[in-house]
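Residue numbers (the working numbering), protein chains in the order written: chain A, 34 to 368; chain B, 108 to 616; chain C, 14 to 377; chain D, 2 to 310. For each residue, glycine too, the CB sits at the ideal point set by N, CA and C. For reference, the structure is listed below as structure tokens.
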Amino acid sequence: MDFLTLIQVLDSTVRLATPLLLACLAGLYSERAGIFDIGLEGKMLMAAFFSAAIAAVTGNVWLGLLAGIASSLLLSGLHGLASITFRGNQLISGVAINFLAAGLTVLIAQDWFKQGGRTPSLLSGGRFEGLEWPFAIGPEDAAATGRPVSQLMKEAGPVQQVYSELLSGHSILVYLAFLAVPATWWILYRTRFGLRLRAVGENPAAVDTAGVSVVGLRFAAVAICGVLCGIAGAYLATALQAGFVKDMTAGRGFIALAALIFAKWRPWQAMGACLLFGLLQAIALRFQNIELGPIVVPVQAMDALPYILTVVILAGFVGKAVPPRAGGEPYVKER
Amino acid sequence: MTAPAIELKGISKSFGPVQANKDISISVAPGTIHGIIGENGAGKSTLMSILYGFYKADKGEIWINGKQTEIPDSQAAIVAGIGMVFQHFKLVENFTVLENIVLGAEDGGLLMPSLTEARKILKELAAEYELNVDPDKRIDEIGVGMQQRVEILKALYRQADILILDEPTGVLTPPEADQLFRILGRLRAEGKTIILITHKLREIMEATDTVSVMRRGQMTATVKTSETSPEHLAELMVGRKVLLRVDKLPAKPGKPVLEIEQLRIVDGAGVERLKGIDLTVHAGEILGIAGVAGNGQSELMEVLGGMRSGEGSIRLNGAALPLHGAGSDARARRAAHVAHVPEDRQREGLIMDFHAWENTAFGYHHAPEYQRGLLMNNAAIRADTEAKMKKFDVRPPDPLLAAKNFSGGNQQKIVVAREIERNPDLLLIGQPTRGVDIGAIEFIHKQIVDLRDQGKAILLVSVELEEILSLADRVAVMFDGMIMGERIVAETDEKELGLMMAGVAGEAA
Amino acid sequence: MEKMPKWADVVLIPLISLMLAAGLSALVILAIGEDPVAAVKLMVDGALGSSYGWGYTLYYATNFMFTGLAVAVAAHAGLFNIGGEGQAMLGGLGVAVICLFIPWPHWTLALLFACLGAGLFGAAWAAIPAYLQAKRGSHIVITTIMFNFIAAAVLNYVLVNVLKPASSMDPASARFSETVHLPTLHELLAPLGIAFSKSAPANVSLLVAVFACLAVWLLIWRTSLGFEIRAFGRSEAGARYAGISPVKITIIAMMISGALAGMMATNNVMGEAERLVLNATEGAGFIGIAVALMGRNHPFGVFLAAILFGFLYQGGAELALWTKIPRELIVVIQALVILFTGALDNMVRIPLEKIFLAFRKEPS
Amino acid sequence: EPALIFDLGGKFDKSFNEAAFGGAQRWAEETGGTFREIELQSEAQREQALRRFAEAGANPIVTMGFAMADPLSSVAPDYPDTKFVVIDVTWLDAPNIRQVGFAEHEGSYLVGMMAAMASKSDTVGFVGGMDVPLIRHFGCGYAQGVKAVNPDATVIANMTGTTPSAWNDPVKGSELTKAQISQGADVVYAAAGGTGVGVLQTAADEGILSIGVDSNQNHLHPGKVLTSMLKRVDVAVYDAMSAGDAVEAGVFSMGLAEEGVGYALDDNNAALVTDDMKAAVDKARQQIIDGEIEVVSYYADNSCPALKF
Ligand SMILES: Nc1ncnc2c1ncn2[C@@H]1O[C@H](COP(=O)(O)OP(=O)(O)OP(=O)(O)O)[C@@H](O)[C@H]1O
Ligand SMILES: Nc1ncnc2c1ncn2[C@@H]1O[C@H](COP(=O)(O)OP(=O)(O)OP(=O)(O)O)[C@@H](O)[C@H]1O
Ligand SMILES: [Mg+2]
Ligand SMILES: [Mg+2]
């Protein structure tokens, strides 16, 4: 594999890691606050649909993004209602939310657009398009020289290749997702909110008796989770693709969950895990079976690798993943 | 006349069908230490948790410094100047001491300035009250005594004028407890008001100005400490004259039944919990294990009962029992005629959702008399349960009632009946009367003594020195995973044992 | 004292939850501009109005009984087995191996060994997460989710690269031989003079499923193993006190659970498709969660709930066939059932408990 | 009343299934008749859908795609009075099935020629759906067309996957297209059902030309889709429905001569197709019909002279 191909695979990694990263950070806020969330998938799916639907109807992708976030928030609210207010089983609530999203998106899409559960393809105003950085090789250069971009790229130096191919040209949501990583780290470890958030996931009674509302904190965390899942879903439907098709999240919510465990609930590591899983996806997308000398790695192995790695991490063979101590448990004061 | 620092009027609180507090009124003068005593489950913690805004009362009013105050949550309580150290600490284990202290009392959205500020204040407080802790240690790295200091510092950091301590000495050694009382004295001298919940009459007599007694959710009396006596308080607590000693004949110890040599336990975190225990229990005697909670008694019972593994050797009637691997589990212990009444009956001794009859078979569910072919013989178990319930006077005698629907005393009777009626060679019995009403205490004590008189060996663990002194023939004191010494009960007293419990070694017996 | 009588817990709460879910579903149907009454009528007609409809309802119900029992058995041990889907997929592989490579003289024998094969594969697939939970403390919910995805990849690989006949284009195994064909209800009932639709797939596996319900009931409430499973599920500390090995019970309960999920393959793979196809499970593993929740983890409850969901599935298929309502409506209903009977249980329970408590207090 | 069973890509895949829908729609509009339809969601549903329609008396029952072969072979004998129609299957042995195959390689040959003529980089791409002989058949014809115009041209071929989900994976289509573009391709032919939507989208985004398949997909990105390889599934469906229950069973092949395949020319791509191009392609078309040019079929010996997969 030559350098440019490598850069291109990494470029595709960044694109594919973005929804994972957003969903993973979403899960991080929720689970750090003690609310397990296996409904990331459903929230993303819901947001993907509503962002595409509203963007298709209004032609404005920003309105689409807002609608996606709002729909995801609604599901977050449901999860909060079930697991915080009514102290129900968080896992079961997550399962229900995944099904709800899988069913409702198709039902509504069919009702609105009558295209077998998809939205119409989004035209350019309805999509997040790539941001070309200054001096990056782009269509203008191609037009000026009369030669295709791929040719120009091939002839450029490695720095220019990295700059133009890997860094430049992603949609704004990609940059947002990667900026969210340091932001999350800072919020978690450098702010009062972060301290309380981490505390409520470890020992809600300590937070409660310290005079801080457990319910408020947890709802705040779940809401942040909703917003991030909303962005993740909108990215899928309006940036990575141009419209919604049913089940378009295709298990990304679960890969994000896996990445979260892989990262042991820490932001920088979450980025690493998402990039790794994104890389696996990029490789699986580009190459069917990978020949490593005499062994052929089937594409199915690449598909399954994130899950296998997560199980290995969970099993503690490579470091131990200890979830937030109060995670999954409703905070019950009076039995 | 100054207004009372705290005045509670007509507080009621129920948890579902359980009425924990019934129309309670109490008044505490500022600058005093007020004790609250009462049996387990009397409602002491509930009442204080209401004052601290942890629970919300169903009815009643709270007045602070003469003003009626709504306390819907702990924030309100903190604002009203109340601080509370809970029976079970409320600390975030993997946070540092400093982080625990600022949690909820940060000033500003950013963390660093708060932490710097808190570090300074903490230093001052530590100097002022002899409350030294390392602010950068994580909670799970420090001992319980230290953790309690953190809890007290948390309250002081929030400038509490009223400090509630719920059974603070249960986890402390006598010297640590003494230091605590010194600190409390100093706080009182500064005009702070302190409420102290404890079971220990001695602490009430020594440290408090006034004392309230609770029984079954009600406040039975409030008296000046100087005008009362331990006997009087005990009577108020249980509602009738208390029998302090159990009627029993002197023991006639026979051959050794249980011989423990160099027993060690290292827990999952690598901490050594038992550090080479040597003990012998003879047929026909009761050996009591005294000690402050958390000094290895639970681990000793667990390893003997087959609930965890250990190193060293134990022999039962001369035959070695494996301490780990195959044959070291509780099922094998039962097969070897070791019966076990666990310390925590609700967590271990019973399955609370199971019916009484299922609980009667619990642990013995493989017994041949409970089987019929491949299936369990439920009818036989039920009949057996009815017989045992009758003999032990379990009320109501209904095998189909779930364990959680029996009262604590009756729950304990179900467990004791199950274990004693197996006619074991060795009975391990932990905290046999914790949370049990006085009538049941007498009954259970009598059953234990009867078993001894049949020539069985009994190992009794209790944190109540009084219980050990009245029931055991011999006593061994545990401290920090070691036996500090053994005494013949008739030849020792509370004072000597108390010193040993604090880690001051007595001469070997 | 109980907060509430047992019948309220076992019957009243699921009923109210179900009604809430049904009400919301009706609103959803209304919202997409269809008539809920007509929809229900169509569903009832299509699912229960003919022996053909019943045949499909029972066919689906058979699947759900297996997966529902799987979730229920694990739940009694305090474990949430969300991996029924993957275990059922592997069960399919087990059935395919048994049926494709061994020349069976008669279907009875084939079914017996198919049950074994499916159970074994399913149990093995559940055993790994169980072991990891018991020995290494990995959260079983997460591992079983991961194992669902891994199972899909394994099946995909095996179908495409191993089992697919060389001449065929679709990723599916060859058809099983005629001798392992399981008698359908039509064939079973014909000798009794009962006419049953010839084309409905309900087959003798239904009896296996009913038998499994019975066996699970016996196991859970009548054997000492069941006693240990239930005790462990209620209190791990208690189990250790009673000499019940947490490791052993976790693994055994999960293997039974996985075996039950795997045995679903006798119905959908051996009984219906008669070959192994991709996604043969069609989400039945997840429906098992709803079925177990509805049925309160009791085999009889699971039996009833499975039939209810069988009805929903067949009715939903009919809706998709004859109206503009997409099949996803069933997914929404399923989600609502899980939500109300599972996650929002307390929403119904707490007010109900208050009512019962108030009634009890007044007389005294 | 006829019935139509769509394959997993779904009725609105803008391609294979949508073409069938178009044919059925035309029949319905022209005759005022109605038809039953269902979109399959999973493999396991195929048989139930067939039986349900047969039970309900639908006739003929039109089904899409080679994956219906197996279920049909077990269902059709149970309903001897019902006529079944299947597209892309030609090897079943049953008296009541009409099996329609297309000479996709011939149509692909024509669009391959156009691709080669439009390419400036002498590199063209092919994105297939599920890796099955049928799709290789497409690719093989395409590559032969490319080489016929420019023997030195490079054809980059990728398949989306090995399972039916490959028909409906636009993200993967898009990624594969990006990869091909970076290898220099400036015309990409998508024969991948719903996955093709992602291919065409990315091609349009990145400023290269694409070629649609099955339906006329020129309108999806006007001025950016060079042409579409038409596979007249719509005609096959229309004909079957028009014939009603009298539809003739047997195996039928539709090639260039039968106007079963072809290329699309309309306002959306008029500016892209030069007169030279049109002349060359039309000439080749006639030559193929006349047997002067032989387009090798991948099925002949499961290999392709012009392309390695
Ligand atoms: N959170 C709760 N939910 C339900 N019931 C409770 C709760 N807390 C306490 N109770 C019940 O209320 C009653 C009073 O309990 P409380 O903890 O106040 O007793 P206590 O006097 O502090 O006992 P102890 O000496 O054991 O600490 C008991 O019956 C107890 O079981
Ligand atoms: N979810 C349920 N659905 C249907 N029936 C149930 C359900 N739960 C319990 N039952 C039935 O209610 C009765 C009482 O339940 P349960 O088995 O818990 O009681 P039990 O007193 O332990 O009786 P048994 O010893 O017969 O099991 C039994 O007949 C049982 O079959
Ligand atoms: Mg208390
Ligand atoms: Mg029962």
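Report task. Leaving out five residues on either side along the sequence, give the residues of the same chain with a beta carbon under 8 Å from the beta carbon of residue 214 of chain A. Result -> 54, 58, 300, 301, 303, 304
Query raised in the report: What does residue 17 of chain D reach in chain G if we use C-beta pairs closer than 9 Å?
Result: The structure shown has no chain G; the protein chains it does contain are A, B, C and D.
Query raised in the report: Hey, is residue 58 of chain C's beta-carbon within less than 8 Å of any beta-carbon in chain D?
Result: no
**Report entry** Other residues of its chain near residue 194 of chain B: CB distance less than 7 Å, five sequence neighbours each side excluded
**Finding:** Cβ-Cβ distances below 7 Å link residue 194 of chain B to 152, 273, 274 in the same chain, with the five nearest sequence neighbours on each side left out; the list follows chain order.
Query raised in the report: How about residue 305 of chain B and residue 144 of chain B: do their beta carbons lie closer than 8 Å?
Result: yes
Query raised in the report: Nearest CA to the CA of residue 342 of chain A: which residue from A:37, A:310, A:157?
Result: A:310
Requested in this report: Within the segment 299 to 333 of chain B, note down every full beta strand (DSSP E) run reaching 3 residues or more, in order along the chain.
Outcome: List check, beta strand (DSSP E) in window: 300 to 304, 317 to 322, 325 to 331.
Query raised in the report: Mind checking residue 217 of chain A: buried by the 16 CB within 10 Å criterion, or exposed?
Result: It counts as buried.
Query - Three CB pairs or more closer than 8 Å across the segment 263 to 270 of chain C and the segment 137 to 154 of chain C - result: yes
Query raised in the report: chain C partners of residue 120 of chain A, CB-CB under 7 Å?
Result: Within chain C, the residues near residue 120 of chain A are 359.
Query raised in the report: If we count Cβ pairs, one from each stretch, closer than 8 Å, do we get three or more for the segment 179 to 196 of chain B versus the segment 252 to 266 of chain B?
Result: yes
Query - Proximal residues to residue 232 of chain A (C-beta, below 7 Å), its chain only, five neighbours per side dropped - result: 239, 240
Query raised in the report: Are at least three pairs of beta-carbons, each pair with one atom in the segment 256 to 264 of chain C and one in the segment 453 to 460 of chain B, less than 8 Å apart?
Result: no
Requested in this report: Say yes only if the C-beta of residue 97 of chain C is nearer than 7 Å to one or more non-hydrogen atoms of ligand 1, and no if none qualify.
Outcome: no
Requested in this report: Could you confirm whether any beta carbon from chain B is found closer than 8 Å to the beta carbon of residue 176 of chain C?
Outcome: Closer than 8 Å: no.
Query raised in the report: residue 49 of chain D touches chain C at which residues, Cβ-Cβ below 8 Å?
Result: Under the 8 Å cutoff, chain C gives 69, 214, 330.
Query raised in the report: So residue 13 of chain C and residue 290 of chain C are in contact, right, with Cβ under 8 Å, and what is the actual spacing, rounded?
Result: One cannot answer for residue 13 of chain C here, as it falls past the ends of chain C, which runs 14 to 377.
Requested in this report: Would you list, in sequence order, the uninterrupted alpha helix (DSSP H) runs of no fewer than 4 residues that lie entirely inside the segment 438 to 479 of chain B?
Outcome: 463 to 468
Query raised in the report: Would the segment 56 to 63 of chain D and the segment 78 to 87 of chain D be scored as touching if the rule is three or more Cβ pairs under 8 Å?
Result: yes
Query raised in the report: What residues are listed by DSSP as bridge partners for residue 126 of chain B?
Result: B:121
**Report entry** Proximity to residue 178 of chain B [Cα-Cα], best of B:228, B:156, B:557, B:379
**Finding:** B:156
Query raised in the report: If you draw a straight line from the alpha carbon of residue 91 of chain A to that of residue 103 of chain A, how long is it in whole angstroms?
Result: 16 Å
Requested in this report: Could you run through the segment 229 to 241 of chain C and flag, in chain order, every residue whose CB is less than 9 Å away from some CB of chain B?
Outcome: Within the segment 229 to 241 of chain C, the residues whose Cβ lies closer than 9 Å to some Cβ of chain B are 231, 234, 235, 236, 237, 239, 240, 241, listed in chain order.
Query raised in the report: Can you find a C-beta in chain C that's less than 8 Å from the C-beta of residue 247 of chain A?
Result: So, not an interface residue.
**Report entry** Segment limits, beta strand (DSSP E) that includes residue 129 of chain D
**Finding:** 124 to 131
Query raised in the report: In this structure, does DSSP put residue 242 of chain D in helix, strand or coil?
Result: helix
**Report entry** Contacts that residue 182 of chain C makes with chain D (C-beta to C-beta distance below 7 Å)
**Finding:** 67, 133, 134, 135
Query raised in the report: Along the chain, which unbroken stretches of the beta strand (DSSP E) at least 3 residues long are found entirely within the segment 160 to 232 of chain D?
Result: 188 to 192, 210 to 215, 226 to 232
Query raised in the report: For residue 278 of chain A, which residues from the same chain have a beta carbon less than 6 Å from its beta carbon, with the 5 sequence-adjacent residues on both sides left out?
Result: Here the set comprises 151.
Query raised in the report: In whole angstroms, what separates the C-alpha of residue 494 of chain B from that of residue 521 of chain B?
Result: 11 Å
Report task. Tell me whether residue 148 of chain C sits in a helix, a strand or coil according to DSSP, three-state version. Result -> In this structure, residue 148 of chain C counts as helix in the three-state DSSP scheme.
Query raised in the report: In whole angstroms, what separates the C-alpha of residue 79 of chain C from that of residue 222 of chain A?
Result: 47 Å
Query raised in the report: Buried or exposed: residue 241 of chain B, going by 16 or more other Cβ atoms within 10 Å of its Cβ?
Result: exposed
Requested in this report: Could you tell me which of B:154, B:253, B:213, B:209 sits nearest to residue 196 of chain B, measuring between CA atoms?
Outcome: B:253
Query raised in the report: Counting only beta-carbon atoms, is residue 200 of chain B nearer than 8 Å to chain A?
Result: yes
Query raised in the report: Are the segment 24 to 41 of chain C and the segment 170 to 180 of chain C touching, with three or more C-beta to C-beta distances below 8 Å?
Result: no
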